[in-house]
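Just so it is clear: in the sequence shown, position 471 is 471 by UniProt numbering, and no numbers are missing.
Virtual Cβ for every residue (Gly too), placed ideally from N, Cα, C.
As the structure is a prediction and not an experimental result, all values here were calculated from the model.
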Amino acid sequence: MALRVYNTLTGSKEEFVPINPGKVGMYVCGVTVYDHCHIGHARANVVFDMIYRYLQAKGLDVTYVRNYTDIDDKIINRANRDGVPYNEISERFIEEFDKDMARLMLQLPTFQPKATEHIPEIIALVQRLIDKGYAYASGSDVFFRVDRFEGYLKLSKRNLEDMQAGARIEVDEKKEHPMDFALWKGAKPGEPYWESPWGHGRPGWHIECSAMSTKFLGDTLDIHGGGKDLIFPHHENEIAQSEAASGKPFVKYWLHNGFVNINSEKMSKSLGNFFTIKDVLERYDAEVLRFFLLSAHYRSPIDFSDQNLKEAELGLERIYKALAGIDERLAAGTDHAATEESAELEEKCGSIGARFTEAMDDDFNTAMALGHVFDLVRSINRALPVSPLELLARVKREVANIATTLGVCDSVPVEFMQRMKDRKTSDMEIPVEEIEALIAERAEARKAKDFKRSDEIRDLLLAKNIVLLDGKEGTTWSVK
Ligand SMILES: Nc1ncnc2c1ncn2[C@@H]1O[C@H](COP(=O)(O)OP(=O)(O)OP(=O)(O)O)[C@@H](O)[C@H]1O
Ligand SMILES: [Zn+2]
C-alpha cells in the first residue's frame with residue numbers, strides 16, 4: 001500500500017505522490033525563540049521528526065527545512081524586559097532549543113534558516129508583491145491586500161465577510177481593509193531595524209516563512225507542516241504571499257499536528273499552563289517523553305498529565321524488559337527447539353514489519369504502530385524461555401528497524417533499564433549502599449535459617465519501595 005496523508009487543504013487523506021519522483025521538500029514552521037520550549041513545542045518538533053524519518057525510511061530523498069523566528073514582537077518585549085539587545089535573547093534561546101531537541105533525539109533538518117539572515121530575500125518578496133499589486137506601503141509599513149488574492153482562507157475554509165461580521169476587528173487607519181496583514185513593520189524608536197525601501201523596519205512573521213521556504217525548496221513544496229494553531233492566520237497568509245508572488249500552488253500537502261492539552265486546554269505560554277521540556281526531563285527520561293508524544297496519532301490531541309507520562313514510562317519499560325530478556329538469552333547461548341509458543345512468536349515476527357508499514361502508511365499512525373509492537377512484546381514474554389535463538393535474533397532485528405524509524409526503543413536495553421533504575425534511585429529515601437548492605441545481611445540471615453530477620457529486611461525495603469527478587473545468581477532489586 002502507498003503512503004496516504006491527511007491534507008488540511010482538501011480535508012481528506014490522499015496518496016502521497018512527491019512532485020519530483022523520489023524527492024521531498026518539507027518545510028515546518030519553527031519556534032519563536034524568546035523563551036524555553038514547552039511540551040507543545042516538543043510535540044510539533046517530534047512529530048515532524050518522525051515524519052522526516054519515515055519518509056527517509058521509505059527511500060525518499062528529503063530536504064527538510066525548519067526555521068527559527070528570531071525577530072518578533074515577543075523577542076523584542078522580552079529583550080526590553082531584560083534590558084538586553086534582542087539578539088542576545090534570540091541567540092540564547094536558539095541554543096536552548098537546539099539542546100532540548102538533541103535530548104529528544106531529533107535528527108537535524110537539512111537547513112535551519114533564521115529570519116534575520118534572509119532580510120534581502122524578504123525585502124525582494126515584499127517588493128514583488130507591491131509590484132504585482134498585492135501589497136501596498138502605508139507610511140513605513142507594508143500590508144498585503146487580502147481581497148486581491150482569490151484563494152484567501154482556502155486552507156482554513158473561512159470566509160472573509162463572515163469573519164468581519166463575526167469578529168470585532170479593530171479598524172486601523174493605515175490599512176485599506178481591516179483584515180490586511182503586515183508584510184513589513186516600520187520600526188518604532190529604540191526597536192531593532194533593517195534598511196528597506198520603506199524606511200527602517202523589520203519583517204512581519206508570515207513573510208519570513210514564504211521567503212525562506214521558496215529559497216530552499218522552490219515555489220512549490222511537497223509538505224508544509226506546523227501545529228493546528230498555525231492554520232489561520234499564519235499558513236493562510238503564507239499561501240496568499242507565496243501564490244500571489246509566484247502564480248503557482250505553494251504547497252501540495254498541508255500537515256498539522258494536534259495540541260498537547262492540559263485539562264482539555266491547549267498548553268501555551270499565554271495561558272500560563274505549560275511545562276518546559278527541561279522541567280519534564282528533570283523527572284522523566286527523554287525517551288519516555290518522546291515515546292509519550294508518539295503514542296498518540298499526530299493529529300489527535302494529547303492530554304499532558306503525570307499519570308499519562310507514568311503510563312508511557314511503564315509501557316516503554318515493558319518493551320525494554322522484553323528486549324533485555326532476548327539479549328540475555330542470546331548472551332547465554334543455550335538454544336531451544338521450536339515450541340507452540342515460539343510458533344506464535346514466529347508468526348508475529350514474520351508480520352510485524354508489514355503491520356508497522358501499514359499503520360505508518362495510514363497517515364503516520366504511530367499509535368497503531370506501537371500497538372503492534374506491544375502485541376509482539378506479549379508474544380515475546382510468553383515464548384522467551386522456549387524459543388530458538390535464531391528466532392529471537394530475528395525478533396530483535398525487526399524491533400530495531402522500527403526503533404530507528406520512530407527514534408524510540410533504540411537504546412541498548414540494559415542501558416535503558418539502568419538509566420531508569422538510576423533515575424528512580426536518585427529519588428529514593430534510602431541510599432544504594434544501605435540497600436546492598438541490607439541484602440547482604442538478609443543473605444546471611446537466610447543462610448543461618450533466620451527467616452524472621454530475612455522477612456523483616458524484605459518488608460523494611462518494600463516500605464521504601466524497593467522490591468527484592470531472589471534468583472539463582474543471588475538477590476537483585478528494583479524500585480517499585
Ligand atoms: N500546545 C501545543 N501543542 C502542539 N503544538 C504546539 C503547542 N503550542 C505550540 N505548538 C506548535 O509549536 C510550534 C512553534 O510555535 P510558536 O513558537 O509559534 O509558539 P508560541 O505561539 O510562541 O507558543 P504558545 O502557543 O505557547 O504561545 C508551532 O508549530 C505551534 O503550532
Ligand atoms: Zn511559518
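Anticipated Cβ contact below 8 Å, residue i with residue j, distance rounded
i           : j    : result
residue 493 : V467 : The structure shown has nothing for residue 493, since the chain only spans 1 to 480.
R53         : G371 : That belief does not hold up - the Cβ atoms of R53 and G371 are roughly 19 Å apart, past 8 Å.
H206        : I231 : Going by Cβ atoms, the distance from H206 to I231 rounds to 13 Å, so no, they are not a contact pair.
A2          : D361 : 7 Å
T425        : H36  : In fact, because the Cβ distance is near 27 Å, the residues do not count as touching under 8 Å.
L183        : G204 : 5 Å
L129        : A211 : With 8 Å as the limit, L129 and A211 do not qualify as a contact, their Cβ atoms being about 11 Å apart.
A324        : P413 : 4 Å
A44         : G190 : Wrong, their Cβ atoms sit about 33 Å apart, outside the cutoff.
P301        : N261 : 5 Å
residue 487 : L345 : With the chain represented from 1 up to 480, any question about residue 487 goes unanswered, as that position is not in the structure.
T220        : I19  : 6 Å
Between the CA atoms of residue j and residue i - distance to the nearest angstrom
i    : j    : result
H38  : K266 : 11 Å
E433 : A440 : 11 Å
L155 : N237 : 10 Å
A409 : V377 : As written in the sequence, residue 409 is Cys, which differs from the Ala given in the question. Between C409 and V377, the C-alpha separation is close to 12 Å.
E170 : C209 : 25 Å
L461 : R442 : 11 Å
A331 : L281 : 32 Å
S270 : I123 : 30 Å
M417 : Y134 : 59 Å
V33  : Y253 : 26 Å
L309 : D303 : 10 Å
L55  : F16  : 10 Å
E456 : E436 : 15 Å
T357 : F374 : 15 Å
S454 : D427 : 25 Å
N465 : D459 : 10 Å
Beta-carbon proximity check, residue i vs residue j, cutoff 8 Å
i    : j    : result
L104 : L289 : yes
A312 : F291 : yes
G40  : F259 : yes
T110 : V46  : no
Y68  : G30  : yes
I76  : P192 : yes
D422 : R4   : no
D285 : R382 : no
V146 : H177 : yes
Y27  : S213 : yes
R446 : L389 : no
I326 : L384 : yes
R202 : K215 : no
P249 : F181 : no
L217 : T63  : yes
D61  : K23  : yes
T116 : I71  : yes
L293 : A42  : yes
I94  : W194 : no
Status (buried if at least 16 other CB within 10 Å, exposed otherwise) for residue i
i    : result
A354 : exposed
T366 : buried
A137 : buried
R397 : exposed
V84  : exposed
L469 : exposed
K13  : exposed
D141 : buried
A369 : buried
D49  : buried
R81  : exposed
N7   : buried
K348 : buried
K175 : buried
M306 : A small fix is needed here, since residue 306 is Asp in this sequence, not Met. Exposed, because fewer than 16 other Cβ atoms sit within 10 Å of the Cβ of D306.
L392 : buried
A79  : buried
A448 : exposed
P431 : exposed
P197 : exposed
Interface flag, residue i vs chain C, CB-CB below 8 Å
i   : result
D98 : Annotation note: the requested chain C is absent from the structure, which comprises a single protein chain.
Item to complete: Please list, in chain order, all residues with a C-beta atom less than 5 Å from at least one heavy atom of ligand 2.
Response: C29, C209
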